[in-house]
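To start, the structure itself, in structure tokens.
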Amino acid sequence: MVEAKTKMLPICGKEAENLNIILACGGAANVGLIGYLAAVELTKEGKARMCCVTPVGVKMPFYVDIAKRAKKLIVINGCQNQCAKKVAEQAGVKIDHNFIVAEMIKKIPTFDIKDEDIKLVKDKVEKELDSH
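The sequence shown runs 537 to 668 under this note's numbering.
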């Protein structure tokens, strides 16, 4: 059951044209987690809205349509493999902004992360959104 004070997210399937949609990596290292948590923070602050990346990857029409209709599509990749970017490209989705967390923070095989690293990525994405 949802508590009365729980903040509900915009319904991306209905409101995609008005939303900056994020496809974020959930990779198994610090940089994947940092990028994912930056996307969560941007979503909680109402600056963007995360969309599930896996259904886009398997080309589920509903989710591909959300990504295609987005006001802006932001992709946050953990590392240079750029899996989230490749998912969007394979689905035929235009990417407006592509970020690689490992270009900002050293990739190491751990989930021990720092809040300031999440803030660094979040601020970089936010700055790019504000400049366009």
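C-beta: ideal position from N, C-alpha, C; glycine also.
Computed from a predicted structure; not experimentally measured.
Locate the alpha helix (DSSP H) running through PHE598, then write down its first and last residues. Counting along the chain, the alpha helix (DSSP H) containing PHE598 begins and ends at 597-605.
Quick one: grab the DSSP three-state call for LEU665. Here LEU665 carries a helix assignment [DSSP, helix/strand/coil].
Let me check understanding here. Comparing Cα to Cα, which of PRO597, LYS655, ASN617 lies closest to GLY628? Comparing Cα positions, the closest option is PRO597.
Excluding sequence positions up to five away, which residues of its chain have a Cβ less than 8 Å from the Cβ of ILE612? Around ILE612: ILE558, LEU559, ALA560, CYS561, GLY571, TYR572, ALA574, ALA575, ALA620, PHE635, VAL637, VAL657, VAL661.
GLN626 and GLY593 - do their beta-carbons sit closer together than 8 Å? Their beta carbons are under 8 Å apart, which means GLY593 touches GLN626 by this criterion.
At 4 residues or longer, what runs of the alpha helix (DSSP H) sit wholly inside the segment 573-643? Runs of the alpha helix (DSSP H) inside the segment 573-643: 589-593, 597-605, 619-626.
Chain-order list of residues whose beta-carbon lies under 8 Å from that of THR579 (same chain, five-residue window excluded): For THR579, where only same-chain residues beyond five positions count, the Cβ hits under 8 Å are LEU545, ILE558, ARG585, MET586.
On the criterion of 16 or more Cβ atoms from any shown chain inside 10 Å, does ALA606 qualify as buried, or is it exposed? By the C-beta density criterion, ALA606 is buried, having at least 16 other C-beta atoms within 10 angstroms.
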